[in-house]
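Chemist: Position one of the sequence shown corresponds to residue 1 (the working numbering), numbered consecutively onward.
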Amino acid sequence: MLKTFQKQPKHLLFIYLFIYLFIYLFIYFELLMSISPLDLVALTYNSLSGNPLRSLLTTLGVFMGVASVSATLQIRSISRTVIEQQLAEREAPQLSVYYWTNDGRKLQLEDMEFLKQRMVGLYAISTYTGFDSGQVIFQDKQANLSIHAVSQDYLLTSGRAILQGRFFSVADFANYRPLAVIDQFLAEQLFPGQNPIGQRLYAADQPYIVIGVIETKLRTAEYKPNGEMLVPLSLYRVLSGGRDIGGLQLRPNNLKDMKDLEQQAQQLLSQRYPGGMFWAQNNIDDILEQRQTLVFVSRGLLVLAIITLLVGGVGIANITLASVVERTQEIGLRRAIGATQTEIRLQFILEAVLLSLVGGTVAIATVHWATIGVANKFELPYEFELETATLALSSAVVVGVGSVFFPAVQASKLDPVKALRSSK
1 MLKTFQKQPK HLLFIYLFIY LFIYLFIYFE LLMSISPLDL VALTYNSLSG
51 NPLRSLLTTL GVFMGVASVS ATLQIRSISR TVIEQQLAER EAPQLSVYYW
101 TNDGRKLQLE DMEFLKQRMV GLYAISTYTG FDSGQVIFQD KQANLSIHAV
151 SQDYLLTSGR AILQGRFFSV ADFANYRPLA VIDQFLAEQL FPGQNPIGQR
201 LYAADQPYIV IGVIETKLRT AEYKPNGEML VPLSLYRVLS GGRDIGGLQL
251 RPNNLKDMKD LEQQAQQLLS QRYPGGMFWA QNNIDDILEQ RQTLVFVSRG
301 LLVLAIITLL VGGVGIANIT LASVVERTQE IGLRRAIGAT QTEIRLQFIL
351 EAVLLSLVGG TVAIATVHWA TIGVANKFEL PYEFELETAT LALSSAVVVG
401 VGSVFFPAVQ ASKLDPVKAL RSSK
């Protein structure tokens, strides 16, 4: 049974648990109570409708609490979705590392292999070296672009996918082939409605054959798509006549390892080249800061929502205590004709559950439609989540039942004779 539950979506689990709980309570009432569950519900409804002002005040308290909880959960959900969208638009989380030795030399391929063999928590490492920028020409079309030389594991570090064709092979690097992989942005400019694979274009006074199209992704927050062409690092080194590879891109196994990778890289390179200058940059620092801020704000709002819910619970408890005093003779009469303490107690609890469900449902619906309006105005991603609504509504029921439990116990313990003799 447990394995079957684990395979179900979360919202179905909530529904199943609610159904099982309802069936269990129904059977429990039928077996142990002198009054049927349906009669108890009817009696509860008559009691609530007989004092609409008291019912309205109780429902309002629940409404305020659930609205606060629901709004907080919606803010957290939207914030999480926004962060996920921003991460999806970026290249994979990575660390750009640069190092200059005492004699001004930059990193070389041997240094990349040195780090690759020694770093812990490293998913992939590659280089991404600026080659040239300017214009690319294809037949009668021209477009601006930037050219970057990359190593073989570039796709692993960047997390970008090949949309058409292929990436550079080992043979392409070994034979210094003049091949190019262009991004989708450049492909749409130069080859609208055409297949770019196999086409020859000219950039930096050199001819290149297009073998692949890669998805366009942002490297950092400041980066704007402007057309990009990748070439093999080996070809770049031949054309430039140098051995430097510029910077390295390090992708961690887990996001939490990013800082540790930076420390490892600095320590290893400093040991290899003492006295050099180290510089590193995380490509998602701004997103991580936003997420940290949103987590802090969400927690603060959640605390306020819980306080609001508890204040509403105190109000419900006070109203219920007043109700017990008001209905002392009614309670005494019911006890005199055979009602048990359990039935008296359950009536008050059921009143709280019904009012909590009504107030909570209205609050959830109100917050839902308000969120739709705000999301449409500010173009925010929003989708109704049953788990969020269930959590907010459950909190209302728990607080409602908890608030009336003590007054309900007091009501059930009233002496029937003394209750009948009391004045209204």
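Ideal Cβ positions, reconstructed from N, Cα and C, are used throughout, including at glycine.
None of these values were measured; they are calculated from a predicted model.
1. Go ahead and label Asp415 buried or exposed: buried means 16 or more other beta carbons lie within 10 angstroms of its beta carbon, across all protein chains shown.
2. Whole angstroms is fine: what's the gap from Leu261's alpha carbon to Leu255's?
3. Is there contact here, the region 394 to 407 with the region 347 to 361, by at least three beta-carbon pairs under 8 Å?
4. Using alpha carbons as the reference points, say which of Gln199, Val150, Gln290, Ser133 lies closest to Asp205.
5. At the level of alpha carbons, what is the spacing between Ser126 and Ser298?
6. Just curious, the alpha helix (DSSP H) that Gln85 is in, first and last residue?
7. For Ile486, which of helix, strand or coil comes out of DSSP?
8. Please classify Val417 as buried or exposed, where buried requires at least 16 other C-beta atoms within 10 Å of its C-beta.
9. Between Arg285 and Gly121, how many whole angstroms is the CB-CB distance? I'm expecting something under 8 Å.
10. Under a three-way DSSP split, which group does Glu30 fall into?
11. Can you name, in chain order, every residue of its own chain whose Cβ lies under 8 Å from the Cβ of Asn376, other than the five neighbours on each side?
12. Nearest CA to the CA of Gln164: which residue from Gln199, Pro381, Leu304, Phe131?
13. Assuming Gly227 contacts Val181 (C-beta within less than 8 Å), just tell me the rounded distance between them.
14. Take Met229 and list the residues in its own chain whose beta-carbon comes closer than 7 Å to its own, dropping the five residues that flank it on each side.
15. Please determine, among Tyr154, Gly276, Gly159, Arg160, the residue with the shortest C-alpha to C-alpha distance to Asn169.
16. Which residues does DSSP pair with Gly130 in a beta bridge?
17. Taking three-plus beta-carbon pairs below 8 Å as touching, is the region 62 to 82 in contact with the region 371 to 391?
18. Could you check whether the region 339 to 348 touches the region 98 to 105, counting it as contact only if at least three pairs of C-beta atoms, one from each stretch, sit closer than 8 Å?
19. Report the option in Leu301, Lys413, Phe278 whose CA atom is closest to the CA atom of Leu248.
20. So, for Gln329: in the same chain, excluding its five sequence neighbours on each side, which residues have a beta-carbon less than 7 Å away from its beta-carbon?
21. Spatial neighbours of Pro207 within its chain, please: C-beta separation below 7 Å, excluding the five flanking residues on both sides.
22. Which term fits Gly332, buried or exposed, when burial requires 16 or more other beta carbons within 10 angstroms of its beta carbon?
23. Tell me the residue span of the alpha helix (DSSP H) that contains Met258.
24. Going by CA-CA distance only, name the one from Ile364, Trp100, Gln189 that's closest to Gln139.
25. If you draw a straight line from the C-alpha of Ile319 to the C-alpha of Phe405, how long is it?
26. Looking at Ile83 and Pro381, is the spacing between their C-beta atoms short of 8 Å?
27. In the DSSP output, which residue or residues are listed as bridge partners for Arg251?
28. So, at 6 Å on beta carbons, what are the nonlocal neighbours of Pro93 in its own chain, with the 5 sequence-adjacent residues on each side left out?
29. Out of Ser270, Lys413, Tyr128, state which residue places its alpha-carbon closest to the alpha-carbon of Leu109.
30. Please determine, among Leu250, Ala174, Thr59, the residue with the shortest C-alpha to C-alpha distance to Glu113.
31. What's the call for Val314, buried or exposed, on a 16-neighbour Cβ count within 10 Å?
32. With a cut-off of 8 Å, do at least 3 Cβ pairs link the region 58 to 66 to the region 358 to 375?
33. Tell me, which residues are paired with Glu228 by DSSP?
34. State the Cα-Cα distance for the pair Thr220 and Ser158, rounded to the nearest angstrom.
35. If contacts are defined as beta-carbon pairs under 8 Å, then Ser151 and Leu233 qualify, I think. What distance do you get, rounded to the angstrom?
36. For Lys413, count the other beta carbons within 10 Å of its own beta carbon; 16 or more makes it buried, fewer makes it exposed. Which is it?
Modeler: The answer reads as follows:
1. On the sequence shown, position 415 is the one that residue 415 refers to. Asp415 comes out exposed.
2. Translated into positions along the sequence shown, residue 261 becomes position 261. Translated into positions along the sequence shown, residue 255 becomes position 255. Roughly 10 Å between the two C-alpha positions.
3. yes
4. The count along the sequence shown starts at 1 and reaches residue 205 at position 205. Checking every option, the nearest Cα to that of Asp205 belongs to Ser133.
5. Taking the sequence shown and counting its residues from 1, one reaches residue 126 at position 126. Taking the sequence shown and counting its residues from 1, one reaches residue 298 at position 298. Spanning the two alpha carbons is a distance of roughly 37 Å.
6. Mapped onto the sequence shown, residue 85 falls at position 85. Start and end: 52 to 89.
7. Residue 486 is absent from the model: the chain starts at 1 and stops at 424.
8. Here the question's residue 417 lines up with position 417 in the sequence shown. By the neighbour-count definition (other C-beta atoms within 10 Å, threshold 16), Val417 is an exposed residue.
9. Within the sequence shown, the letter at position 285 stands for residue 285. Within the sequence shown, the letter at position 121 stands for residue 121. It is worth fixing the name first, because residue 285 is Asp in this sequence and not Arg. Asp285 to Gly121, Cβ: 18 Å. No contact.
10. By one-based count along the sequence shown, residue 30 stands at place 30. Reliability fails at Glu30, whose pLDDT of 46 lies under 50, so the model's placement of it is uncertain and the value that follows must be treated cautiously. Note: Glu30 maps to helix in three-state DSSP.
11. The residue given as residue 376 occupies position 376 in the sequence shown. Taken in chain order, the list of residues that qualify is empty.
12. Here the question's residue 164 lines up with position 164 in the sequence shown. Among Gln199, Pro381, Leu304, Phe131, the Cα nearest to that of Gln164 belongs to Gln199.
13. Counted from its first residue, the sequence shown places residue 227 at position 227. Counted from its first residue, the sequence shown places residue 181 at position 181. Val181 and Gly227 do not touch by the CB rule: their CB atoms are close to 13 Å apart, not below 8 Å.
14. Locating residue 229 in the sequence shown gives position 229, where the first residue counts as 1. Val136, Leu145, Ile147, Ala180, Ile182, Leu186, Ala203, listed in sequence order.
15. In the sequence shown, the residue the question calls residue 169 occupies position 169. The sequence shown places Ser at residue 169, rather than the Asn named in the question. The shortest C-alpha separation from Ser169 is found at Tyr154.
16. Translated into the one-based positions of the sequence shown, residue 130 becomes position 130. According to DSSP, Gly130 bridges with His148.
17. yes
18. no
19. Translated into positions along the sequence shown, residue 248 becomes position 248. Looking at the Cα atoms, Phe278 is the closest of the given residues.
20. Within the sequence shown, the letter at position 329 stands for residue 329. The residues are Ala419, Leu420, Ser422, Lys424.
21. Numbered from 1 along the sequence shown, position 207 holds the residue referred to as residue 207. Cβ neighbours of Pro207 beyond the five flanking positions: Pro178, Arg200.
22. Walking along the sequence shown from the start, residue 332 turns up at place 332. Buried, since its Cβ has 16 or more Cβ neighbours within 10 Å.
23. What you label residue 258 is simply residue 258 of the sequence shown in a count that begins at 1. Start and end: 258 to 272.
24. For the purposes of this step, residue 139 is taken as residue 139 along the sequence shown, with counting starting at 1. Of the candidates Ile364, Trp100, Gln189, the one whose C-alpha sits nearest the C-alpha of Gln139 is Gln189.
25. Along the sequence shown, one-based indexing puts residue 319 at 319. Along the sequence shown, one-based indexing puts residue 405 at 405. Cα to Cα, Ile319 sits roughly 13 Å from Phe405.
26. Taking the first residue of the sequence shown as 1, we reach residue 381 at position 381. Taking the first residue of the sequence shown as 1, we reach residue 83 at position 83. No. Outside cutoff.
27. Looking up residue 251 in the sequence shown gives position 251. In the DSSP output, where bridge partners are listed per residue, Arg251 has Ala124.
28. In the sequence shown, the residue the question calls residue 93 occupies position 93. If we look at Pro93 and ignore the five residues flanking it on each side, its Cβ neighbours are Leu255, Ile284.
29. In the sequence shown, counting from the first residue as 1, residue 109 sits at position 109. Minimum Cα distance to Leu109 is reached at Tyr128.
30. As a position in the sequence shown, residue 113 is number 113, starting the count at 1. Comparing Cα positions, the closest option is Leu250.
31. Position 314 of the sequence shown, counted from the start, is the residue given in the question as residue 314. Exposed, since its Cβ has fewer than 16 Cβ neighbours within 10 Å.
32. yes
33. As a first step, residue 228 must be located in the sequence shown, where it is residue number 228. Glu228 is bridged to Ser146.
34. Within the sequence shown, residue 220 is the residue found at index 220, counting from 1. Within the sequence shown, residue 158 is the residue found at index 158, counting from 1. Their Cα atoms are separated by approximately 12 Å.
35. What you label residue 151 is simply residue 151 of the sequence shown in a count that begins at 1. What you label residue 233 is simply residue 233 of the sequence shown in a count that begins at 1. At roughly 5 Å, the Cβ-Cβ gap stays under 8 Å, so Ser151 and Leu233 are in contact.
36. The residue given as residue 413 occupies position 413 in the sequence shown. Exposed, because fewer than 16 other Cβ atoms sit within 10 Å of the Cβ of Lys413.
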